[in-house]
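Chains as they are written, first to last, in our numbering: chain X, 54 to 342; chain B, 99 to 512.
For each residue, glycine too, the CB sits at the ideal point set by N, CA and C.
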Amino acid sequence: MDLVAAIIFQLVYGIANLALISLGLAIIFGMMRVINLAHGEFLMLGGYTVVVATNAGVNIWIAMLILAPLVVGIIGVIVERLLIRWLYGRMVDTLLATWGLSLLLIGLVTSIFGASTATTISPPLGIIRIGDYSASGYELFLIVVTAILFVAVFATLKLTRLGLVARGTMQNPEMSSALGVSTTRTYMITFGLGAGVTGLAGGLLAPVTGVLPSIGATYIAKAFITVISGGSAILAGTASGSVLLGGINGIFAFITGPTIGEVALLVTAIVLLRLMPRGITGRFFRKYL
Amino acid sequence: MTLSRRHFVMGSTALALAAPASIGRAASDNLKFASILDLSGGLDIYGAAMAVTTKLAIEDINAAGGLLGREVELQMYDAQSTIQFYTQYATQAAAGDKADTVHGGITSASREAIRPTLARFKTLYFYNTQYEGGVCDYNNFCTGSTPAQTVAKIVPYAMKKWGKKVYIVAADYNYGQITAQWMQKFVDENGGETLDVEFFPLDVTNFGPTINKIQTAKPDLVISALVGGAHVSFYRQYAAAGMMKEIPIASTTFGVGNEQTLISAEEGNGMLASYGYFEGIDNPQNKEFLARLEAKLGADRPVMNELAIRSYEGAMLWAEAVKAAGTADREPVIEALRSGMSYDGPSGTVNIDAQTNHCSMNVYIGELTDQTWNIKESFVNQPPADTQMVCDLNENPNQSTFLFENGLAAAGIK
């Protein structure tokens, strides 16, 4: 019984983990159609923000929940102004440009902080016990934060004027422009928002993973697979993609080991996209956001 | 004779690479020392420190007047944690630069990518990394420690300290797979029991399911051969789940990427590792070396580990052999090395074992306290007994194989 509870907890954590690293990409790629290959590096920058800030004596919660999204969001806005805004509607060009950006960011961070960085941030919060099993309280916290983040993004897109304008602009920029919306500003804010969400995710993951310049590479593929499997609906797509892929990965990883777990994740994604080329939300939950 | 397109392309590439270099050679008569390491990408946690000590070794050699009255020129290649670059740079170093020796390769996969290339080009190759053993190659000197030197020491030590039931986690490529077999063998020989062995692709960052499985299996200790930046997550998540205090970890890889500085002090306390070098070694060469490194690079200098120190000592062994042979030509240098060449470096005395082209060396067991390794036990002049079981270059020098490629059973080790 304890084992079942512990496994379910790990499954939920695996799903939340996938959702957390993918949400920012869903906004930038799913919504804006910009193939952001620097997504992993945005996560990495979020992690570095937390490391640098906590080393400078900032409270870890402030560093993770406020500084990380803020700093990466600002970097996102700068990147959008300098690079991305010339490339809207040219998907393949965004791919090349952001790939270059990703190499640049890795190089910059390596030259500033060195190839391996001292992270002395331990996961705050203690241990939760489930009978014979124990898990990190911080993992529970991450699950909760991911849920809150989804609700917050949903509320922003659905209930605020900014969200309405953003969704309208992404669907039909000419019409939005004709209605008096500054589309360039909307693009900039949306990209910044996506980067900010990614930075928050990177910051939150800093205490449980290593913070290295090259760590982004381990996230990028999974984030893209999740978002593409999810389909065009940002939140429903990311959530359903994470539940399906994270669930299958977790179950197989537990039964057979991590190698087969990764294989199962990829096979599922391939079969899924063969059957549903437009992702899960291309067929189900179509009306959802 | 049939000329296939591939042969034509290979031949003409080699020609194109060789042509400018042969023009350059007329102008300079320096000895060429090529280094191929991962200085970026996921494996740079190992490569960065190795590059620092390689540079230092070449500077030291030149400061002492060079070799045979000639200066040694260092050519560094960054393979960017990509195997394909290893092959490319090895070809360039051998055919293009006409390097007198190539040092490098970090993972066993990268070694196996360049070792055959360098054997084909007859360019002397040094692999200065601790690895799973089993390379039997006249052209290749493996100076790092192997399982019979380290795993054989740490397994009984950790089992005596913590108990007999062992859970093994390892990286999913030839190093991890073969090292895990050695671990099982040594656990067996010491009367222990291996509960389970798990392998992880290098980019896995979520170790939750594994931690649950370890909690289910309830071993007395975990032995790890995890590799690379992403796998650091294992130690962090293991510690976050409160497991470090319940089921301790011994490792044959933790520390060579200076992972102890990537996790916090309380997360790492009590971990055991075994290598051919720790900074705490008490000998004058080591103290002098560390002082010099600190004077040169300041307090931010990288922490020294076996890979970094052996990169220095490997370069020095080559230099000693060139001096002894009186030439940098491959054959006489190899013979000089195989005549039992030894070097007194920071790690103690390192001896080349002619039977295997590996090294006999001192081996140490260290325990982590507040991010520093404290030496608990030392073993003097340990031979590479694993490779000696299967390889005899004295009898048949004409070999260039990796005997453990298909595992220990296939090599006849039970």
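Checking the DSSP bridge columns, you'll see B:M459 partnered with B:Q480. Under the DSSP definition of a beta bridge, B:N472 partners with B:E465. Taken through DSSP and simplified to helix, strand or coil, B:F131 comes out as strand. In terms of beta-carbon proximity, X:D146 stays away from the interface with chain B, with every pair separated by 9 Å or more. Proximity of B:Q282 to chain X, defined by a Cβ-Cβ separation below 9 Å, is not satisfied.
Runs of the alpha helix (DSSP H) lying entirely within the region 200-278 of chain B and spanning at least 4 residues, in chain order: 206-218, 249-260.
Exposure of B:E157 is indicated by the presence of fewer than 16 other C-beta atoms within 10 angstroms of its C-beta. The bridge partners DSSP lists for B:Q173 are B:A132. The Cβ neighbour count for B:N504, taken over all protein chains shown within 10 Å, is under 16; the residue is labelled exposed. Within the region 243-273 of chain X, contact with chain B at the beta-carbon level (separation under 9 Å) is assigned to L258, P260, V261, T262, G263, V264, L265, P266, S267, I268, A270, T271, Y272.
A buried status is given to B:M257, since no fewer than 16 other beta-carbon atoms sit within 10 Å of its beta-carbon. Around the beta-carbon of X:R327, fewer than 16 other beta-carbon atoms lie within 10 Å, marking it exposed. Under the DSSP definition of a beta bridge, B:T499 partners with B:C234. Identification of chain B residues near X:I113 by a Cβ-Cβ cut-off of 9 Å yields none; the smallest Cβ-Cβ distance measures about 12 Å. Using a Cβ distance threshold of 9 Å, X:V87 and X:F244 count as a contacting pair. Nearest CB-CB separation between B:R168 and chain X: not below the 9 Å threshold. What X:L56 touches in chain B, judged by beta-carbon distance under 7 Å, is T314, going in chain order. Taking 7 Å as the cut-off between beta carbons, none of the residues of the region 388-401 of chain B comes near chain X.
The contact set of X:F307 on chain B, defined by CB atoms closer than 8 Å, consists of P307, N310, K311 in chain order. The C-alpha of X:S189 is placed about 8 Å away from the C-alpha of B:Q335.
Taking all protein chains shown into account, B:D442 has fewer than 16 neighbouring C-beta atoms within 10 Å of its C-beta and is therefore exposed.
The three-state reading of DSSP puts B:A339 in coil, since its state is none of H, G, I, E or B. Judged by their CB atoms, B:A192 and B:F219 are nearer to each other than the 9 Å cut-off. The Cβ neighbour count for B:P444, taken over all protein chains shown within 10 Å, is at least 16; the residue is labelled buried. Any Cβ of chain B closer than 9 Å to the Cβ of X:E192 would place that residue at the interface, and such an atom is present.
Just measuring C-alpha positions, the residue of X:D146, X:E315, X:L154, X:L118 sitting nearest X:I128 is X:L154.
When the beta-carbon positions are compared, B:I312 and B:V264 stay at least 9 Å from each other. With the criterion set as a beta carbon lying under 8 Å from some beta carbon of chain B, the members of the region 314-328 of chain X are G314, E315, in sequence order.
Proximity of the region 266-273 of chain X to the region 315-322 of chain X falls short of the contact definition, fewer than three beta-carbon pairs being nearer than 8 Å. At a Cβ-Cβ threshold of 9 Å, X:S75 and X:V280 count as neighbours.
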